[in-house]
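Residue numbers (UniProt numbering): 1 to 153.
Everything below concerns the one structure shown next.
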DNA sequence: GCCAACGTTGGC
DNA sequence: GCCAACGTTGGC
């Protein structure tokens, strides 16, 4: 089993929105970055654990945990002209973009803030805290996962 | 294949 | 709203 971190803007779709979905499950569409796409398509497996990270908001940090319920499949929004994720250059015979389904698992009592994460020397190598990192789907090591869980309490 | 221009991300 | 950092595009 592997660990991941998915970024999301809670103003658009946050952990509370996931909780309110039927079966507390939602497809993670709209990822339009090739490196993140490769993770979604090739590497993220059923049962993998995911930190939900809230970005671009007043409380930036990890909000809780979700679990992968369905492995990579074609993100249909790339073919929908009405979707903001529409990609006219994507060929239906060879789709560019993929997504997975995740189910809510746990919400932290408090957001585990980016500030706290950055302040922990043991997490200095996390991809999340590297300068200029913009990946919206990234791997988390088992060691990092354990430390973060302990910090979340 | 290079690289300037552009658009986007995301913390602050 | 600012702006640094990055990925993508497209002319050459």
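Glycine is no exception: its CB is placed at the ideal position from the N, C-alpha and C atoms.
- Cα atoms of residue 128 and residue 50: separation of roughly 14 Å, rounded to the nearest angstrom.
- Per DSSP, reduced to three states, the secondary structure at residue 139 is strand.
- Put simply, the region 6–20 does not touch the region 140–151. Fewer than three CB pairs are less than 8 Å apart.
- Separation of the CB atoms of residue 52 and residue 65 is rounded to 7 Å, and the pair is thereby assigned contact status at 8 Å.
- Less than 9 Å separates the beta-carbon of residue 72 from that of residue 42.
- A Cβ-Cβ contact shorter than 9 Å links residue 70 with residue 27.
- Runs of the alpha helix (DSSP H) lying entirely within the region 51–89 and spanning at least 4 residues: none are present.
- With fewer than 16 other CB atoms across the displayed protein chains lying within 10 angstroms of its CB, residue 122 is exposed.
- Note that the C-beta distance between residue 30 and residue 138 is not below 9 Å.
- CA-to-CA, the gap between residue 96 and residue 18 works out to about 25 Å.
- Residue 55 and residue 133 have their alpha carbons spaced roughly 12 Å apart.
- Note that the C-beta distance between residue 6 and residue 117 is not below 9 Å.
- Going by C-alpha positions, residue 115 is about 8 Å away from residue 61.
- Residue range 3–8 is occupied by the beta strand (DSSP E) that includes residue 7, with no alpha helix (DSSP H) assigned at that position.
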